[in-house]
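Notes follow the structure.
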Amino acid sequence: MNRDAESLLSICEQLPEAKRIEVADFARFLLAQQGDARWEQIIADPTPRPKLNAFLQESKREGSEPMDSARL
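Note that my numbering has the sequence shown beginning at 271, numbered continuously upward.
This is how it looks when you write it as C-alpha cells:
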C-alpha cells in the first residue's frame with residue numbers, strides 16, 4: 271500500500287461509522303466511473319476490426335428467429 275493510501279486509511283479510521291460508509295460508497299462510485307471511462311475508450315477506438323465486422327455482417331445475413339429449445 272502506498273503512503274497516500276495509508277494516510278487515507280488512517281483518516282477514515284478516525285471518522286464516525288456513518289461517514290466511513292459515505293466515503294466507501296464514494297470510492298465505489300469513483301471505481302465504477304473509472305471502469306465506465308475505460309469502456310468508453312474501448313468503444314471509441316477507431317482501430318479497424320475486420321473479423322468483428324465480418325462476424326456482424328454474417329450475423330445480420332442469418333436473420334433473427336426465436337430460439338428453438340429442441341436444438342439446444
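All C-beta atoms in this analysis are idealised placements derived from N, C-alpha and C, irrespective of residue type, glycine included.
Residue i at chain C interface by Cβ criterion, 8 Å
| i | result |
| --- | --- |
| ALA297 | Absence of chain C from the displayed structure is noted, only one protein chain being present. |
Rounded straight-line distance, which links the Cα of residue j to that of residue i
| i | j | result |
| --- | --- | --- |
| ALA288 | ALA275 | 20 Å |
| SER329 | SER339 | 20 Å |
| MET337 | LEU300 | 39 Å |
| ARG341 | GLN327 | 24 Å |
Residue i: first and last residue of the uninterrupted alpha helix (DSSP H) it sits in
| i | result |
| --- | --- |
| GLU328 | 320-332 |
| LEU279 | 273-284 |
| GLU287 | 287-314 |
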